[in-house]
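Residues in the sequence shown are numbered consecutively from 299, following my numbering. Beneath this line is the structure, given in structure tokens, with notes to follow.
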Amino acid sequence: MNYFVEGLQGSGKSTLVHKLSEKYADHKAVCEGDYSPVELAWCAYVDKAKYNEILEKYSSIKSMIEEKSFEEYGKMIICYTQIITDVPGFHKDLEQYEIYNGRKSLDEFREIVLGRYRRFSTDKMIFECSLLQNTVEDMILYRTMSDDEILDFYKEAKEALTGKDLHIFYLKADDIAANIDVIRKERSDDKGNELWFPMMISYFDESPYAKKYGVSGADGLIRHLQHRQDLELRICSEVFGDKCTVLKSKDYEEAML
299 MNYFVEGLQG
309 SGKSTLVHKL
319 SEKYADHKAV
329 CEGDYSPVEL
339 AWCAYVDKAK
349 YNEILEKYSS
359 IKSMIEEKSF
369 EEYGKMIICY
379 TQIITDVPGF
389 HKDLEQYEIY
399 NGRKSLDEFR
409 EIVLGRYRRF
419 STDKMIFECS
429 LLQNTVEDMI
439 LYRTMSDDEI
449 LDFYKEAKEA
459 LTGKDLHIFY
469 LKADDIAANI
479 DVIRKERSDD
489 KGNELWFPMM
499 ISYFDESPYA
509 KKYGVSGADG
519 LIRHLQHRQD
529 LELRICSEVF
539 GDKCTVLKSK
549 DYEEAML
């Protein structure tokens, strides 16, 4: 079996991944930024020619890049956020080679994501936000796709995953604003300066979705997250059906066991 832990930011996904890892000690946990056979969050996705250019440009850390690189069907995946370096501009440069946030055409994006789903053949894995979060965010915020269009995509995704043993645990947040407030405090420096939330607001405010609908700021972000959760729950129910279990965010111990 493969387990997919999904839900909004601050819903307790990392904690549940840890608990599942304890319960299923023979399974391997894959978190954002790790090399994954399913998802590409926080990873650069390039052809071999571009990969060689990157190695040449950052020759001083070539061995570090190679250590975090994986070849896959003629493409190279670089887990660049796992490379700890003070080389100026390295992480910002490689960020442009991620597939999300409208960086690929819809046809390219679909081909990459669905192709990886079809080729996915591993077993005994526990994935953190690898099926919904980044893809749904891309489709809502950067492609301004309708809910029905996104549901249609996930119907294709389910077909691509036919024959794979998987189960989704979706953590439903009843109070999204409160969960976000907790993350804001947790992801601040030792002087109380927020690190995560300003980046999240900027990410939302600069998206085509926010500009198209004239929304912004914390209130706009919370409304977007509520919409995203509602849509993801529809995907779980209407597309994946009995392959999904909805759990209450941060209050799932008894249900999980």
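Glycine included, every Cβ here is placed at the ideal spot set by N, Cα and C. Predicted model, so just to flag it, every value in this text is computed and none were measured.
Thinking just about the alpha-carbon of each residue, which of the options is nearest to the one in residue i?
i, options, result
"Val328", "Met362, Thr433 and Thr420", "Thr420"
"Tyr398", "Glu370, Met437 and Lys348", "Met437"
"Gly400", "Val544, Tyr501 and Gln527", "Tyr501"
"Gly387", "Lys326, Pro335, Ile352 and Met498", "Ile352"
"Gln380", "Val411, Gly331 and Leu412", "Gly331"
"Ser428", "Glu337, Leu545 and His522", "Glu337"
"Asp463", "Ile363, Glu454, Trp494 and Phe418", "Phe418"
"Lys422", "Ser319, Lys548 and Asp528", "Ser319"
"Ala458", "Arg414, Val385 and Asp517", "Arg414"
"Phe590", "Ala516, Val434 and Arg526", "Summary: the structure shown does not reach residue 590, with the chain confined to residues 299 through 555, and so no result is reported for it."
"Val411", "Ser486, Tyr452, Glu530 and Ile481", "Tyr452"
"Lys546", "Asp473, Lys326 and Glu409", "Asp473"
"Glu370", "Lys346, Ile359 and Glu435", "Lys346"
Let me confirm a value: residue i is counted as buried when at least 16 other C-beta atoms fall within 10 Å, else exposed. Which label applies?
i, result
"Ala339", "buried"
"His522", "buried"
"Leu439", "buried"
"Asn350", "exposed"
"Ser505", "buried"
"Val385", "exposed"
Taking the C-alpha atoms as reference points, what is the distance between residue i and residue j?
i, j, result
"Lys541", "Ser334", "21 angstroms"
"Lys321", "Tyr301", "12 angstroms"
"Ile424", "Asp488", "32 angstroms"
"Thr442", "Asn491", "32 angstroms"
"Lys317", "Val303", "11 angstroms"
"His520", "Tyr378", "Correcting the residue identity first, residue 520 is Ile in this sequence and not His. About 29 angstroms."
"Met362", "Asp528", "41 angstroms"
"Arg416", "Phe407", "14 angstroms"
"Leu555", "Ser357", "Note that Leu555 has pLDDT 49, beneath the 50 cutoff, so the model's placement of it is unreliable and the number below is only indicative. Distance between the alpha carbons of Leu555 and Ser357: 49 angstroms."
Please state whether DSSP places residue i in a helix, a strand or coil.
i, result
"Asn300", "strand"
"Ser319", "helix"
"Cys534", "helix"
"Asp384", "coil"
"Tyr468", "strand"
"Met423", "strand"
"Thr379", "helix"
"Leu545", "strand"
Original post:
Is the region 332-350 in contact with the region 392-412, if contact means three or more CB pairs nearer than 8 angstroms?
Top reply: The region 332-350, when compared against the region 392-412, does touch it at the 8 angstroms Cβ threshold.
Subject >> Contact between the region 530-544 and the region 466-483 (3+ Cβ pairs under 8 angstroms) >> reply: Judged by pairs of C-beta atoms under 8 angstroms, the region 530-544 touches the region 466-483, as three or more such pairs exist.
Original post:
Between the region 487-500 and the region 435-449, do three or more beta carbon pairs fall short of 8 angstroms?
Top reply: The count of Cβ pairs closer than 8 angstroms, one atom from the region 487-500 and one from the region 435-449, stays below three, leaving the stretches out of contact.
**OP:** Kindly confirm or deny that the region 473-481 and the region 308-316 touch, where touching means at least three C-beta pairs closer than 8 angstroms.
**Re:** They touch, by the three-pair rule.
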